[in-house]
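Have a look at the structure below, then the notes.
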Amino acid sequence: MQPNILFLLSDEHSYRFLSARSEAQGGEPCRTPTLDGLIERGSHFETAYCQYPLCVPSRVAMLSGRPSSECAVLCPGIPTIASYLGDQGYATATVGKMHLIGSRQMAGFQHRPYGDFTAPSPAHQKDPLGLTGPRDHIFMPSVLRDPGVSEIPESLMQEQIVTREATAWLR
């Protein structure tokens, strides 16, 4: 029987903020009990490096194993970790933003229950807030008034939706 693989790719987050990291390890921990439990029961990376200082080239490098200088976008024909795992009999899914462009929206994943909000694609869903344009959010009063206050209901925040959709797919 193959081992289960749960690969979490989250950019713009420092390992220092996991509560599993002690202050002696340079941590400034937040409470992350679920991630801490995964760390305790599974394998994890002790160190991590950003492949590129921009999100999409960094994600593409992680998915393809190629340097960002070779693949700032995911070109047709380049296999990904998801396609390799699928070839080995794993069911693969990606949930959340990837911001991949062109024909490679699925990036080798078999399922994409929830993805980006922008551009027409099978990997994109209707924005639950009902915003019609890519910049409509800048006209929300809370964005102009105070970036710390939001009129978006918590249940419609992307973090909540991604968590719900990922959990539903895993079950």
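Numbering (my numbering), first residue to last: 89 to 259.
By construction, the Cβ of each residue, glycine as well, lies at the ideal position given by its N, Cα and C atoms.
Since the structure is predicted, the reported quantities are computational estimates derived from the model, not experimental observations.
Item	Value
Leu244 - DSSP class collapsed to helix/strand/coil	helix
Residue closest to Ser98, alpha-carbon to alpha-carbon, out of Gly196, Gln90, Gln139	Gln139
Option in Val183, Ser191, His187 with minimal Cα separation from His199	Val183
Where the beta strand (DSSP E) through Thr182 begins and ends	181 to 183
Same chain, Cβ closer than 8 Å to Ala256, five either side skipped, listed in chain order	Pro201
Straight-line Cα distance separating Arg259 from Val148	27 Å
Best match in Ala254, Cys163, Ser152 for proximity to Leu173 [C-alpha to C-alpha]	Ser152
Sequence-distant residues of the same chain with beta carbon closer than 7 Å to Glu253, five excluded per side	Val183, Pro201, Tyr202
Simplified DSSP state of Pro167, which is helix, strand or coil	coil
Cβ neighbours of Gly196 in the same chain (closer than 6 Å, five flanking residues each side left out)	Thr168, Ala170, Ser171
Enclosing beta strand (DSSP E) for Arg200 [first to last residue]	199 to 202
Cβ neighbour criterion (16 or more within 10 Å) applied to Thr180	buried
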